Amino acid sequence: MYQAPRGTQDVLPEDEKYWRYVEATATRQAELFGYAQIRIPTFEHTPLFVRGVGDTTDIVGKEMYTFDDKGGESLTLRPEATASIMRAYLEHGLASSPQPVKVYFLGSMFRYDRPQAGRYREFHQFDCEVIGDGSPTVDAEVILLAWRFFETLGLRNLTVHLNSIGDRNCRPGYLSILTEHFSLHRDRLCPDCRRRLETNPLRLLDCKNEQCQFAIATAPAGIEHLCEECARHFTALREMLDALDIPVELSPRLVRGLDYYTRTVFEIFPATVGAQSALGGGGRYDGLMEQLGGKPTPGIGFAMGIERVILNIREQGIPVPGIRRAVVYVAHQGDQARVMAMRLADEIRRAGIQCVVGLGARSLKSQLKQANNLGARFAFILGEQEVAEETVTVRNLAESQQWQESRQAAIERLLSTER
Ligand code: AMP
-11 MYQAPRGTQD VLPEDEKYWR YVEATATRQA ELFGYAQIRI PTFEHTPLFV RGVGDTTDIV
49 GKEMYTFDDK GGESLTLRPE ATASIMRAYL EHGLASSPQP VKVYFLGSMF RYDRPQAGRY
109 REFHQFDCEV IGDGSPTVDA EVILLAWRFF ETLGLRNLTV HLNSIGDRNC RPGYLSILTE
169 HFSLHRDRLC PDCRRRLETN PLRLLDCKNE QCQFAIATAP AGIEHLCEEC ARHFTALREM
229 LDALDIPVEL SPRLVRGLDY YTRTVFEIFP ATVGAQSALG GGGRYDGLME QLGGKPTPGI
289 GFAMGIERVI LNIREQGIPV PGIRRAVVYV AHQGDQARVM AMRLADEIRR AGIQCVVGLG
349 ARSLKSQLKQ ANNLGARFAF ILGEQEVAEE TVTVRNLAES QQWQESRQAA IERLLSTER
């Protein structure tokens, strides 16, 4: 027996309603805020992620699905969307269109992670990016969009954790203060963190290992070491969020898993906070465009994990609209009626109404049973008599009423009740 690869999931039809609900809400909110949809390739040239995500990150170091294609080129399944979107911005000269460019994306991501609840190897993200404007208003709007997305879904008791990690002016100073601090605790750090101490001390703050928590809890906070401009940016953002009534919690140890962030970083957590329970997060990445070979261009974005959002929707028992299945079931008996049934079903669908026709060699009784099981509202029944008289027997399945009328009249009646 084959099984889906570890860390991947099937979404069966009975669960599809959650995906539709979340994706439709994401699309609607993004579009309400004036974002346009972008689609990006599932794989890219490996160096894009190495440069764009950063080679000291876990994603690049441990988690990428990288392979050589048959032409010997190194490709990587996308582990995140921002680097690809920036590449598209550069490649298609979007700098010459009105700024900022605001885009959203929905799609799968691939990371060789250790699978567990809410953590998969193929997962899906709702991603929003604003490129070409560095003002704190943009940061506030991006966080507002994330907040409205969750609120519209019906999720409650979420918290926005907010921090600023400075920019190229103030971060080096902060990094040396951090290095000094963590060096004092070097012997108690996990092997990964001892390595991070050399490569990227900021990432120590992100470690989930129990043995590192003491050093992390006592680490100096980045917001106390911001340069004047970063401090001004952060204050303006906080004032704006306050005016928009978005409750945020300052989280001085919050850094993000990716190297390219500057200034604003945020994550959104559900009420029951576990080590890996962030629903999503994002931040500003003003240095990324240059890193990818473009002109200095500010950017900010977020990514929400759809599987985790769905887990929380289920946990909070939020009612989700069902997907409408067949309205009409066309049942038939006899060879002539079978052909007639296929034609009638076709006509009903072309009128824009969902319709299923009995397939295979089932008895009329079993077809009607299936109609009930599918939740159809009407059964249209065709037998020898209906074929001869060019009529149809209509059964209202919910109300157990039945009548016979011309096919045209039946379709018109359907159209008037369905609109
Ligand atoms: P990141 O791109 O790492 O900032 O992740 C953004 C969001 O994507 C996280 O908050 C999660 O909701 C989701 N996410 C990240 N990695 C995974 C994973 N391996 N499985 C499921 N969801 C994930």
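Residue numbers (our numbering): -11 to 407. Using N, Cα and C, we set each Cβ at its ideal position, and we do this for glycine too. Here the structure is a predicted model, which means the values were calculated and not measured.
- Hey, out of 84, 72, 48, 34, whose CA is closest to residue 57's CA? If you number the sequence shown from 1, residue 57 lands on position 69. Looking only at 84, 72, 48, 34, the smallest Cα-Cα distance to residue 57 is reached by 34.
- Task: Taking 7 Å as the cut-off, decide whether the C-beta atoms of residue 128 and residue 228 are in contact.
- Result: For the purposes of this step, residue 128 is identified with residue 140 of the sequence shown, where counting begins at 1. For the purposes of this step, residue 228 is identified with residue 240 of the sequence shown, where counting begins at 1. Yes; because the gap between Cβ atoms is below 7 Å, this pair is in contact.
- Item | Buried versus exposed call for residue 300 [16 or more other C-beta atoms within 10 Å across all chains shown] | Position 312 of the sequence shown, counted from the start, is the residue given in the question as residue 300. Here residue 300 is buried: its Cβ has 16 or more other Cβ atoms, across all protein chains shown, within 10 Å.
- Query: How would you label residue 232, buried or exposed, when you count the other beta carbons within 10 angstroms and need 16 or more for buried?
  - Reply: To locate residue 232, count along the sequence shown from 1; it is residue 244. Exposed: under 16 other Cβ atoms inside 10 Å.
- Specify whether the region -9 to 7 and the region 66 to 85 touch according to this definition: at least 3 beta carbon pairs, one from each stretch, less than 8 Å apart. Contact between the region -9 to 7 and the region 66 to 85 is absent, because fewer than three Cβ pairs lie under 8 Å.
- Could you give the residue range of the beta strand (DSSP E) that holds residue 41? In the sequence shown, counting from the first residue as 1, residue 41 sits at position 53. Here residue 41 belongs to no beta strand (DSSP E); instead the alpha helix (DSSP H) covers 34 to 41.
- Measuring CA to CA, which of 175, 141, 212 is closest to residue 8? Walking along the sequence shown from the start, residue 8 turns up at place 20. Minimum Cα distance to residue 8 is reached at 141.
- Message: Can you tell me whether residue 268 sits near ligand 1, meaning its C-beta is under 6 Å from at least one heavy atom of the ligand?
- Response: For the purposes of this step, residue 268 is taken as residue 280 along the sequence shown, with counting starting at 1. True, at least one ligand heavy atom lies under 6 Å from that Cβ.
- Message: On the CB-based measure, 16 or more other CB atoms within 10 Å of its CB, does residue 171 come out buried or exposed?
- Response: Residue numbering aside, residue 171 sits at position 183 when the sequence shown is read from its first letter. It is exposed - the Cβ of residue 171 has fewer than 16 other Cβ atoms within 10 Å.
- Message: Checking the sheet assignment: what are the DSSP bridge partners for residue 272?
- Response: One-based indexing of the sequence shown puts residue 272 at position 284. Answer is 250, 288.
- Query: Quick one: does the C-beta of residue 111 sit closer than 6 Å to a heavy atom of ligand 1?
  - Reply: Taking the sequence shown and counting its residues from 1, the one referred to as residue 111 is at position 123. Correct: residue 111 has its Cβ closer than 6 Å to ligand 1.
- Query: Between 221, 25, 77, 138, which lies nearest to residue 154 when the distance is taken from Cα to Cα?
  - Reply: For this step, residue 154 is matched to residue 166 along the sequence shown. Ranking 221, 25, 77, 138 by Cα distance to residue 154 puts 221 first.
- Task: Have a look at 332, 209, 111 and flag the residue whose alpha-carbon is nearest the alpha-carbon of residue 65.
- Result: Here residue 65 corresponds to residue number 77 of the sequence shown, with the count starting at 1. The residue with the shortest Cα to Cα distance from residue 65 is 111.
- Query: According to DSSP, is residue 397 helix, strand or coil?
  - Reply: Reading the sequence shown from its first residue, position 409 is the one you call residue 397. Helix, per DSSP.
- Message: Quick check on the DSSP output: what are the complete beta strand (DSSP E) runs of length 3 or more inside the region 299 to 343, in order along the chain?
- Response: 316 to 320
- Query: residue 3: beta carbon under 6 Å from a heavy atom of ligand 1?
  - Reply: Numbered from 1 along the sequence shown, position 15 holds the residue referred to as residue 3. Incorrect: residue 3 has no Cβ contact closer than 6 Å to ligand 1.
- Taking C-alpha atoms, which residue in 97, 93, 4, 357 lies nearest to residue 17? Numbered from 1 along the sequence shown, position 29 holds the residue referred to as residue 17. The candidate whose alpha carbon is nearest that of residue 17 is 93.
- Length of the line joining the Cα atoms of residue 436 and residue 267: This structure cannot speak to residue 436, because the chain is shown only from -11 to 407.
- Query: Do you know offhand how far residue 329's Cα is from residue 319's?
  - Reply: Translated into the one-based positions of the sequence shown, residue 329 becomes position 341. Translated into the one-based positions of the sequence shown, residue 319 becomes position 331. Taking the straight line joining both Cα atoms gives about 7 Å.
- Query: Taking the Cβ atom as the reference point for each residue, do residue 273 and residue 287 lie within a distance shorter than 7 Å?
  - Reply: The residue labelled residue 273 in the question sits at position 285 within the sequence shown. The residue labelled residue 287 in the question sits at position 299 within the sequence shown. Closer than 7 Å, so yes.
- Where the beta strand (DSSP E) through residue 369 begins and ends: What you label residue 369 is simply residue 381 of the sequence shown in a count that begins at 1. Start and end: 366 to 370.
- Message: Within 8 Å, do at least three Cβ pairs link the region 98 to 108 to the region 304 to 313?
- Response: no
- Task: Indicate, with yes or no, if ligand 1 has a heavy atom lying under 6 Å from the CB of residue 291.
- Result: By one-based count along the sequence shown, residue 291 stands at place 303. Flag set: Cβ of residue 291 near ligand 1.
- Query: Between which two residues does the beta strand (DSSP E) harbouring residue 116 extend?
  - Reply: Taking the sequence shown and counting its residues from 1, the one referred to as residue 116 is at position 128. From DSSP, the beta strand (DSSP E) with residue 116 extends over 110 to 119.
- Which class does residue 384 belong to by DSSP, given the choice of helix, strand or coil? In the sequence shown, the residue the question calls residue 384 occupies position 396. In this structure, residue 384 counts as strand in the three-state DSSP scheme.
- CB-CB under 8 Å to residue 156, same chain, minus the five flanking residues each way: which ones, in chain order? Against the sequence shown, residue 156 aligns to sequence position 168. Correct list, in chain order: 250, 275.
- Query: Just to confirm, does residue 100 get its C-beta within under 6 Å of one of the non-hydrogen atoms of ligand 1?
  - Reply: To locate residue 100, count along the sequence shown from 1; it is residue 112. No, the Cβ of residue 100 stays beyond 6 Å of every heavy atom of ligand 1.
- Residue(s) in a DSSP beta bridge with residue 149: Position 161 of the sequence shown, counted from the first residue, corresponds to residue 149. Residue 149 is bridged to 237, 255.
- Residue from 38, 176, 6 with nearest C-alpha to residue 248: Along the sequence shown, read from residue 1 onward, the residue named residue 248 stands at position 260. Ranked by how close their Cα comes to the Cα of residue 248, the residues 38, 176, 6 have 38 in first place.
- Query: CB residue 356 to CB residue 349, shorter than 7 Å?
  - Reply: The sequence position of residue 356 within the sequence shown is 368, counting from 1. The sequence position of residue 349 within the sequence shown is 361, counting from 1. Cβ atoms of residue 356 and residue 349: not closer than 7 Å.
- Task: Report back the beta-carbon spacing between residue 210 and residue 258 to the nearest angstrom; my notes put them in contact at under 8 Å.
- Result: Within the sequence shown, numbered from 1, the residue matching residue 210 stands at position 222. Within the sequence shown, numbered from 1, the residue matching residue 258 stands at position 270. Wrong, their Cβ atoms sit about 25 Å apart, outside the cutoff.
- Can you check whether the CB of residue 237 is closer than 7 Å to the CB of residue 149? Mapped onto the sequence shown, residue 149 falls at position 161. Mapped onto the sequence shown, residue 237 falls at position 249. Cβ atoms of residue 149 and residue 237: closer than 7 Å.
- Query: Using a threshold of 6 Å, is the CB atom of residue 107 nearer than that to any non-hydrogen atom of ligand 1?
  - Reply: The residue given as residue 107 occupies position 119 in the sequence shown. Because some heavy atom of ligand 1 lies under 6 Å away, the Cβ of residue 107 counts as near it: yes.
- Query: Just how far apart, CA to CA, sit residue 189 and residue 45?
  - Reply: For the purposes of this step, residue 189 is identified with residue 201 of the sequence shown, where counting begins at 1. For the purposes of this step, residue 45 is identified with residue 57 of the sequence shown, where counting begins at 1. Cα to Cα, the separation comes out at about 11 Å.
- Using a threshold of 7 Å, state whether the C-beta atoms of residue 158 and residue 214 are closer than that. If you number the sequence shown from 1, residue 158 lands on position 170. If you number the sequence shown from 1, residue 214 lands on position 226. Between residue 158 and residue 214, the C-beta spacing is below 7 Å.
- Message: At a threshold of 6 Å, does residue 191 count as lining ligand 1 (C-beta to nearest heavy atom)?
- Response: Here residue 191 is taken as the residue at index 203 of the sequence shown, counted from 1. Because no heavy atom of ligand 1 lies under 6 Å away, the Cβ of residue 191 does not count as near it: no.
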